[in-house]
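Protein chains in written order, with this note's numbering: chain A, 19 to 717; chain B, 75 to 586.
C-beta atoms are modelled at their ideal positions from N, C-alpha and C, and glycine is treated no differently.
A quick note: this is a predicted structure, and the numbers were derived from the prediction, not measured.
Below: one structure, written as structure tokens.
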Amino acid sequence: MERSFAEEVKQLALGEGQVLRGEGILAITKALLQSGVSYVGGYPGAPVSHLLDVLADANESLLEPMGVYLDASANEAAAAALLGASINYPMRGAVTWKSIVGTNVAADALSNLASAGVIGGALIVVGEDYGAGASVIQERTHAFALKSSLLLIDPQPTLQNLARMVEEGFGMSEASNLPAVISLRIRAAHMRGRMVCRDNVRPAISMKSRLERHSFDYARLSHPPSTYAQEAQKFERRLPAARRHVVEHGLNEVRPGEDKRLGVILQGGLTPTALRALELLGAADAFGRSRIPMLVLNVIHPLVPDQLLGFLEGKERVLVLEEGMPCFIEQELKALAYDHGMTTRIHGKDVVAAQGEYVPEVVLAALARFLGGEAEARHRALTAHAGQGRALLRTPLPKRPPAFCTGCPERPVFSALKIAQRELGETHVAADIGCHAFATLPPFNQGNTILGYGMSVASASAVAPNFGKRVISILGDGGFWHSGLTAGVANAVYNKQDSIVVVLENFYTSATGQQSNPSSGKNPRGDAVSMSIVDTIRSLGVSWIKTVNPYRVGDTLKVVKDAMTTAVGGLKVIVARAECQLERQRRVRPETAARLTAGERVEVPRFGVDPDVCTGDKSCMRFNGCPSLTLRDNPDPLRDDPVAHVDQTCVGCGLCGEVAHAAVLCPSFYEARVVHNPGAWARGVAAARRRLIGWLQPA
Amino acid sequence: MTDAVRPVSILIAALGGHGGGVLTEWIVGAAAHAGYPAQATSIPGVAQRTGATTYYVEVYPQRVAPGAPEPVFSLYPTPGDVDVIIASELLEAGRTIELDYASPTRTTLIASTHRLFSIAEKSAPGNGVFPREALEAAARRLARRFIGFDGLALARQHQSEVNALLLGALAACEVLPMTAGDFEAAIREGGVAVERNVRGLKAGLEWVAAGPPAETRPAARPWDRIRAERAAALGRRGADFTALAERVEAEFPEALHPGLGEAVARLIDYQDRDYARLYLDRVRALAAQHASPRLLERFARRLAVWMTYEDAIRVADLKTRRDRFERIRREQGAPEGAVLVVTDYLKPDLDELYGILPARIAEPIARWAERRWPEGRPTVGQHVRTTSVLGYLRVWGLARMRGLRPRSLRRRREFALMARWEEAVHAAARLDDALACEVAELAGVVKGYGEVRRRLSAALARVLDEAVRPALEGHGDHESATERVRAERLRLLSEETSHTEHHPLPSGERAG
């Protein structure tokens, strides 16, 4: 796993009044335990991947003793369905995933869950992957909450409040029988701060005290005719109950301010940004005491009409700060004001950027316009230097996109694919979600479409039969087990698709931080599992399956060319198997260091470039892009272009040499294998060799 | 209100996996240790994989009594409202400036000035590295205080890490309320490679205390030194060099001595005294055309590099030299007593092999081979262990075949194209100096090995015919002709990269 939370996890046992220091994720996990959850699960994805890492690290020491079940859900749909336990039984359960994409995958189960309703609190912690640093399509979860009547919490981001909203979320869910969603923005998920804890609560129903009787109630089946009654309940009973809970428990915060004419209504998540902006504009202090009254909505669905109207009362102008489009809060507020004949002028998307993350620049500009006068002057002063940097630097700085790590086993596969296409002509490549999506960037530029996790093969279904060459679909082991197996491979076999699938099996769901998946040989709880991609695919009736060691670019290249040219029809699957290098190094580096200090024999391979042999044509860069393969000034006084250079971070995977070979580039690359603490014999032989060779070398 | 005590804001710009997260934890840890409220966040996302990424920390510089109201911490840096920017690499420092985070009245910018090149810089044709001067100038102009040092070099020197050195610099510039002791405590509580990191912290503190060392930029190396060094380096052929060096001094203006000296040494090392003489004759011939020093310098440099084209013999020679193996030992940091095993990845194609043979013999073979394999000749892939006796001998034997070179097919072909280029330079020199300089630069496109080099040679031939000849025959407007030739050269260089260049990149790595 990318990060071990072994240390942090100890804090999950903290009791009443003790102080926890750590990430937002940790605070949420602690709050789950303080809420007496019976079961947890989910599927990793930034920014909430670490929530599952924390749970996995806490499983043995904390969850199991409390009887809490940890489910390593195969995908988000499975995680959403897990919450079905709370339909019939008074068990609290929580699951997590990355939104919007995970919510899309979970949609079917979610709708059914929300219709049936829950009697045990059901909480979904979604990582709202929106804005700078987000890795998925830019949509927000709000619309889902509206159409399925899910309670949607957008908490004010302090560890203490995150914990409170988790606990309140369960209460609100039980009060309204609706599943609750708590939405965590990227920066809130990775926020490090402190909170005061309460004691953990043992769940009444758990693996330690099991249910004895099942409960059958047709009214709780999301199946007609129950569904008609359930729809009515949502709007007649459940949502009103949720509104009452919001008010009675003061989940939304009204911050008074001496200015009686103006007001700001905002999503809880935007509060610190807005308060800092107000402070910079001279309308608040460093402790968030604002001159402008604010209505902070920790719960953005359902909204409470009386609360909103009460806030509008007597105000001339109110600004709504609501990230993303459509602007549901602004629209509902305007409709409400209209129905009640309020004269308050309601601003929103007319003064704030419609879409995109509400970063300080955006919120500052909006508030400056809204407040006017001194605020605008302060805003001008703050941004006086804007643009000077770009002017001084003249040209835009080169971008630095994410890339395959040094020694990554996925990079060589794309080197092979690029070389193969150079020789056989380029073809359509269906990319997928995972680290391998970095291949869509320079220097590989491989990948015509991305249609979602595990969807590559399916996304090529209509291209393959209509394309002059065999198309190639990329699938990681994560994507394969998530949905690529059914929606991709099975679908293609069933449709007799004649194409190539390249499965990159590196034994982890790596892009999100090396969580284990069925290819890892164990699940997050540590139980051994033996699930094989090759056997699974063979069992579907695919006969053309080749397994390759990706570091052997030459071999991979042969297999790829064979797949592109063979007369054999149907699906051709190439499985490139090698462990995620990031994870491997995490294991190997300390071992090597230990053996070196112990004086044991250690071979350290690294690659190098002879600067006088390299002519600086840079072809190697264009088939490789390894971070450790870089440039240095040409030592040759007669040449000026920089030459290739392999720096100290090289892990000796050998790709640069293999590429130089497979693509017939140049003779500049060499492998230098340093044998530390060699035996006496090895040292003797080496000395003899050096002497012999020395005679041939002019000093 | 804003005159009151406010949180101190720290923006950390780093590359994924380069210790920005640990640096953040140290700062938060130090604040906790000293009892100051603090909050940090980051946007790793996919940027954690060597992409540009940022971390953000706020520390409230006063202790807050338990139960008393807590200050509001922002999760975002605000352009113009950042007290400290810490960049683990120079381009990333530039990125924070590009995005207006640095304020000339407010910001202390601490940056490691070493460069890690972006893929665009690495695969750009020619030299695509972003000018360091522009980055450092911007840092000086747009930060209230700029603390820049080569963290990578210092880290190696002190056997520590860049982020620990940056932490030391942060502690030294006293923008935060925490003391050096608090930061050291944070490292110790972190418990990871404690001694190594504490060394870095101290080194960083000392560096800032001592201030930047006086600039010691090595001036252009004087001719006498080059002369002595080269003569020594050539061993028994040093006398040949000295003789020709005297000729250089007698026949050419002083400004050209270093360049021509290097060239002569290179040619003797490559072949022999006569070959170097031939070279000087060709430079002389152009000089006789009253060519400008600028033109002579360029022509001489390109000609020397071209005349020492990398044939199999040259590669074998360079691969078997004593100093090469010493260099590798040094670069790999192989300690005394460690054994070094070098494996060379060689894959000459037929052209490169029969290219060594005398033209008379090789010409028919070449013609047949080119008919037989028009798409490119077969290759002989081999991994040669040049630290083993037999492996070494294989390559060494090839290096001994220098004697074949003058009559070799490869030389005939290289010289044929070289002559056409040389003629063009002469012709251009008679018309216009700028044009001639551009034509001379054209030789720079002939690079690489095997297929790559053949493709680029053919391309040069094409340019000489289609762009240069008309320019030379055409009348007047040498300026546009010069531009055309220059454009052709850049096009040739970028052909290989063309579609890696203009490619949209995700906004994921946007700072802040």
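Residue i: contacting residues in chain B (beta-carbon distance under 7 Å)
i: Phe687(A); result: Tyr419
i: Gly634(A); result: Lys521
i: Met639(A); result: Lys196, Ser197
i: Ile711(A); result: Val463, Tyr466
i: Cys684(A); result: Gly522, Tyr523
i: Glu276(A); result: Chain B residues near Glu276(A): none, gap ~13 Å exceeds 7 Å.
Interface residues of chain A facing residue i [CB-CB closer than 8 Å]
i: Pro81(B); result: Ala304
Extent of the continuous alpha helix (DSSP H) to which residue i belongs
i: Arg262(B); result: 254-264
i: Gln406(A); result: 406-411
i: Trp562(A); result: Looking at the DSSP string, Trp562(A) is not in any alpha helix (DSSP H); the run it does join, the beta strand (DSSP E), is 562-566.
i: Asp89(A); result: Unbroken run through Asp89(A) is the beta strand (DSSP E), 87-90; no alpha helix (DSSP H).
i: Pro544(B); result: 543-547
i: Met639(A); result: 637-640
i: Arg363(A); result: No alpha helix (DSSP H) holds Arg363(A); the beta strand (DSSP E) holding it covers 363-365.
i: Phe191(B); result: No alpha helix (DSSP H) holds Phe191(B); DSSP gives it neither H nor E.
i: Phe188(A); result: 177-194
Partner residues on chain B for residue i, Cβ-Cβ distance less than 9 Å
i: Arg205(A); result: Thr115, Ser116, Ile117, Tyr130, Leu149, Tyr150
i: His403(A); result: Pro153, Gly154, Asp174, Ala176, Ser177, Pro178, Thr179, Leu216
Chain B residues whose Cβ lies nearer than 8 Å to that of residue i
i: Gln715(A); result: Thr394, Arg395, Arg396
Cross-chain neighbours of residue i in chain A, by beta carbon under 7 Å
i: Pro135(B); result: Near Pro135(B) there are no residues of chain A at all, since even the closest Cβ is about 11 Å away, more than 7 Å.
i: Gly168(B); result: Leu411, Leu415
i: Gly406(B); result: Sequence inspection shows Gln at residue 406(B); the Gly mentioned does not correspond to that position. By Cβ distance, chain A contributes Arg624, Ala690, Val692.
i: Leu414(B); result: Ala690, Val692
i: Phe220(B); result: Result: empty, since nearest Cβ-Cβ is about 13 Å, beyond 7 Å.
i: Thr453(B); result: Val682
i: Phe204(B); result: Leu415, Pro416
Whole-Å CB distance - residue i paired with residue j, under 8 Å assumed
i: His241(A); j: Glu41(A); result: That belief does not hold up - the Cβ atoms of His241(A) and Glu41(A) are roughly 41 Å apart, past 8 Å.
i: Ala329(B); j: Val338(B); result: The Cβ separation is near 16 Å, so there is no contact.
i: Ile430(B); j: Arg484(B); result: 7 Å
i: Pro153(B); j: Leu173(B); result: 7 Å
i: Gly506(A); j: Gly472(A); result: 6 Å
i: Ala87(B); j: Glu166(B); result: 4 Å
i: Asn316(A); j: Gly286(A); result: 4 Å
Cβ shell of residue i (< 6 Å), same chain only, five flanking positions each side left out
i: Arg39(A); result: Arg212
i: Ser568(B); result: Pro199
Span of the beta strand (DSSP E) around residue i
i: Val664(A); result: 661-664
i: Gln29(A); result: That residue, Gln29(A), is in no beta strand (DSSP E); it is neither H nor E in DSSP.
i: Phe498(A); result: Here Phe498(A) belongs to no beta strand (DSSP E), and DSSP marks it neither H nor E.
i: Glu320(B); result: Careful: Glu320(B) lies outside any beta strand (DSSP E), inside the alpha helix (DSSP H) at 312-325.
Contacting residues, own chain, Cβ-Cβ under 7 Å from residue i (five flanking each side not counted)
i: Arg650(A); result: Pro660, Val661, His663
i: His372(B); result: Before going further, note that residue 372(B) is Arg rather than His in the sequence given. Result list for Arg372(B): Cys511, Ala514, Glu515, in chain order.
Same chain only: Cβ atoms within 8 Å of residue i, ignoring 5 sequence neighbours per side
i: Ala508(B); result: His552, Glu553, Thr556
i: Ala317(B); result: Arg347
Touching by the beta-carbon criterion (3+ pairs, under 8 Å), the stretch 292-310 of chain A and the stretch 242-254 of chain A: no
In the stretch 432-450 of chain A, which residues sit with their C-beta less than 8 Å from some C-beta in chain E, listed in chain order? No chain E is part of this structure, whose protein chains are labelled A and B.
Just checking, does the stretch 557-569 of chain A make contact with the stretch 405-422 of chain A on the three C-beta pairs under 8 Å criterion? Judged by Cβ distances under 8 Å, the stretch 557-569 of chain A makes no contact with the stretch 405-422 of chain A, as fewer than three pairs qualify.
Touch test, the stretch 86-100 of chain B against the stretch 175-190 of chain A, Cβ-Cβ under 8 Å, three pairs minimum: no
How about the stretch 299-316 of chain B and the stretch 136-146 of chain B: do they share at least three Cβ pairs that are nearer than 8 Å? At 8 Å Cβ cutoff, the stretches do not touch.
Taking contact to mean at least 3 C-beta pairs separated by less than 8 Å, is the stretch 101-117 of chain B in contact with the stretch 121-140 of chain A? no
If contact is defined by three or more beta carbon pairs under 8 Å, each pair taking one atom from either stretch, is the stretch 591-602 of chain A in contact with the stretch 611-630 of chain A? no
Tell me, please, whether the stretch 422-429 of chain A touches the stretch 663-681 of chain A by the rule of three or more beta-carbon pairs shorter than 8 Å. yes
Assess contact between the stretch 445-462 of chain A and the stretch 639-646 of chain A, defined as three or more Cβ pairs (one per stretch) separated by less than 8 Å. Is contact present? yes
Below 8 Å, can you find three or more Cβ-Cβ pairs linking the stretch 315-331 of chain A to the stretch 351-368 of chain A? yes
Any contact between the stretch 110-117 of chain A and the stretch 47-58 of chain A? By contact I mean 3 or more CB pairs, one from each, below 8 Å. yes
Tell me whether the stretch 241-249 of chain B and the stretch 200-212 of chain B touch, counting them as touching only if at least three CB pairs, one residue from each stretch, are closer than 8 Å. no
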